[in-house]
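First the structure, in the form of structure tokens, and then the observations on it.
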Amino acid sequence: MASASFPDPPASSDVHVSSPSPLPSKPIHSSLFSPFGIYDRFAQWRTDLGLPNPGTVENIQKEVKGTHLTNYIFDGARADLTKSLSMNPLFQVTHSFALGSHTSPPSYNFGAIFANQKIFLQGGVDHDGNVNARLNQGWTPNNVTKVQAQFSSQAGHNMVQLEHDLQGQDYSLNAKAVNPWPADLTGIYIGSYLQSFTKNLALGVETVFQRPSPDVSELTTSYLAKYTSSAKDWIATAQIQPAGIVQATYWQKLSEKVEVAADLQVIAAPTRKDAVATLGAKYDLRLAMFRAQLDSTGKVSALLEQRFTPAFTFLISGEIDHLKNAAKVGVGVMIESSSLTPEEMGMPPQP
2 MASASFPDPP
12 ASSDVHVSSP
22 SPLPSKPIHS
32 SLFSPFGIYD
42 RFAQWRTDLG
52 LPNPGTVENI
62 QKEVKGTHLT
72 NYIFDGARAD
82 LTKSLSMNPL
92 FQVTHSFALG
102 SHTSPPSYNF
112 GAIFANQKIF
122 LQGGVDHDGN
132 VNARLNQGWT
142 PNNVTKVQAQ
152 FSSQAGHNMV
162 QLEHDLQGQD
172 YSLNAKAVNP
182 WPADLTGIYI
192 GSYLQSFTKN
202 LALGVETVFQ
212 RPSPDVSELT
222 TSYLAKYTSS
232 AKDWIATAQI
242 QPAGIVQATY
252 WQKLSEKVEV
262 AADLQVIAAP
272 TRKDAVATLG
282 AKYDLRLAMF
292 RAQLDSTGKV
302 SALLEQRFTP
312 AFTFLISGEI
322 DHLKNAAKVG
332 VGVMIESSSL
342 TPEEMGMPPQ
352 P
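In this text, residue positions in the sequence shown follow this note's numbering: the first is 2, and each later residue adds one.
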């Protein structure tokens with residue numbers, strides 16, 4: 002039986018095998034060095050660092066100011082009567098009375114507050130017809146626009162302030178304009194930036210441009226530093242301002258109810274040399290809050306806020322100036338009332 006014969010394969014030189022054409026590859030250098038690629042890698046690198054938000058320049062001394070008495074002490078007699086009309090959204094009105102002060106005349110002020118998740122509105126008018134208003138518009142949780150205004154019958158006391166806050170993951174940016182006038186760009190313009198460089202250290206800068214008239218202008222810059230402990234139980238700050246002004250603060254939380262703070266201001270200008278040191282403490286008790294303060298000018302002051310009921314608080318403050326041999330005392334009450342039921346206020350129903 003004859004064997005089957007197969008044709009000889011063609012020579013290798015004559016074989017033409019078609020292969021799929023390679024896909025065009027994106028040049029490596031175009032993705033590595035393009036502006037968008039560099040920004041994406043830089044943003045990812047910052048995210049991987051896990052740096053915290055440092056807060057704003059305006060609130061860099063927030064803890065110290067909350068411990069000291071500078072923003073809380075008063076003299077004479079005062080009364081604040083607050084009535085809540087709604088809780089969600091928040092709407093409340095306040096009547097404030099003050100008399101017998103050595104530093105200010107008797108006054109009456111009516112104020113109102115409205116707030117929800119994105120808008121905060123606050124306004125007030127006093128017995129002289131002076132009006133003040135404030136608006137905070139939150140576009141996102143980290144993007145807020147603020148407007149403040151003050152109108153008075155006295156010349157030079159009117160003010161309009163425009164402000165915008167931008168809070169990033171590890172930085173804060175703020176721009177502010179006080180009494181701006183677009184025609185000749187007069188006004189006061191303030192810009193600040195605070196950046197976290199480590200989990201504990203943040204550095205910032207604040208620039209103020211003043212232009213009271215078209216032919217007069219001044220530019221000043223301040224430098225800031227903030228160090229927060231890893232446990233967030235103490236904070237130290239420093240600020241260097243123009244003309245030789247240096248300010249340093251230290252705040253520490255000793256326990257859940259005790260906080261202490263120190264402030265040092267040094268003026269080393271050619272025409273003036275001065276320094277003031279202030280020490281303060283705050284005790285937050287169950288139904289009371291006590292603040293005490295001592296400074297290098299010889300002033301000793303204290304403030305007690307005693308809450309007898311959830312709706313009634315009694316205040317008493319005092320200050321002794323040993324160098325001037327003077328003293329001031331203040332008493333006040335804070336009364337809160339509401340026309341809402343406990344359920345409307347979000348309180349659990351009574352059994």
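Positions of the beta carbon are idealized from the N, C-alpha and C atoms, including for glycine.
Who are residue i's beta bridge partners in DSSP?
i: tryptophan 182; result: Thr187
i: histidine 165; result: Thr146 and Ala176
i: glycine 125; result: Gly112 and Asn133
i: glutamine 307; result: Ala289 and Phe315
i: glutamate 257; result: In the DSSP output, where bridge partners are listed per residue, glutamate 257 has none listed.
i: alanine 327; result: Asp322
i: alanine 282; result: Val261 and Ala293
i: serine 87; result: Phe92
i: threonine 229; result: Ile236
i: aspartate 81; result: Ser97 and Met335
i: glycine 192; result: Ala176 and Thr208
i: phenylalanine 152; result: Val132
i: valine 277; result: Gln266
i: serine 302; result: Gln294 and Glu320
Locate the beta strand (DSSP E) running through residue i, then write down its first and last residues.
i: threonine 68; result: Run containing threonine 68: none in the beta strand (DSSP E); it sits in the alpha helix (DSSP H), 63 to 68.
i: glycine 139; result: 132 to 141
i: aspartate 322; result: 313 to 322
i: valine 94; result: 91 to 100
DSSP state of residue i, grouped into three classes?
i: isoleucine 74; result: coil
i: proline 53; result: coil
i: phenylalanine 198; result: coil
i: threonine 355; result: Beyond the ends of the chain as shown, which are 2 and 352, falls residue 355; an answer cannot be given.
i: proline 243; result: helix
i: threonine 221; result: strand
i: threonine 48; result: helix
i: valine 267; result: strand
i: glycine 38; result: helix
i: leucine 24; result: Because leucine 24 sits at a pLDDT of 48, beneath the cut-off of 50, its placement in the model cannot be relied upon, and the point is left open.
Please report the distance separating the alpha-carbon of residue i from that of residue j.
i: serine 197; j: lysine 283; result: 28 Å
i: lysine 63; j: alanine 203; result: 15 Å
i: alanine 278; j: phenylalanine 43; result: 43 Å
i: isoleucine 241; j: serine 231; result: 25 Å
i: valine 58; j: leucine 265; result: 18 Å
i: valine 65; j: arginine 292; result: 12 Å
i: tyrosine 228; j: isoleucine 236; result: 6 Å
i: serine 256; j: glycine 112; result: 36 Å
i: serine 173; j: valine 145; result: 12 Å
i: tyrosine 109; j: proline 311; result: 24 Å
i: serine 338; j: glutamate 306; result: 18 Å
i: threonine 199; j: leucine 220; result: 30 Å
i: lysine 84; j: phenylalanine 121; result: 17 Å
i: isoleucine 336; j: asparagine 137; result: 26 Å
i: proline 213; j: histidine 158; result: 15 Å
i: leucine 78; j: glycine 67; result: A quick correction: the sequence has alanine, not leucine, at residue 78. Going by the C-alpha atoms only, they are around 22 Å apart.
i: isoleucine 268; j: alanine 303; result: 27 Å
i: leucine 195; j: tyrosine 224; result: 10 Å
i: aspartate 171; j: glutamine 45; result: 13 Å
i: histidine 323; j: glycine 299; result: 5 Å
i: leucine 286; j: tyrosine 251; result: 22 Å
i: isoleucine 191; j: leucine 52; result: 26 Å
i: glycine 331; j: threonine 71; result: 14 Å
i: aspartate 127; j: asparagine 326; result: 33 Å
i: arginine 47; j: lysine 329; result: 52 Å
Assuming residue i contacts residue j under a Cβ cut-off of 8 Å, what Cβ separation, rounded to an integer in Å, is found between them?
i: alanine 150; j: asparagine 133; result: 7 Å
i: lysine 119; j: glycine 139; result: 5 Å
i: alanine 239; j: alanine 226; result: 5 Å
From the beta carbon of residue i, is the nearest beta carbon of chain D less than 8 Å away?
i: glutamate 337; result: You won't find chain D in this structure, because it holds only one protein chain.
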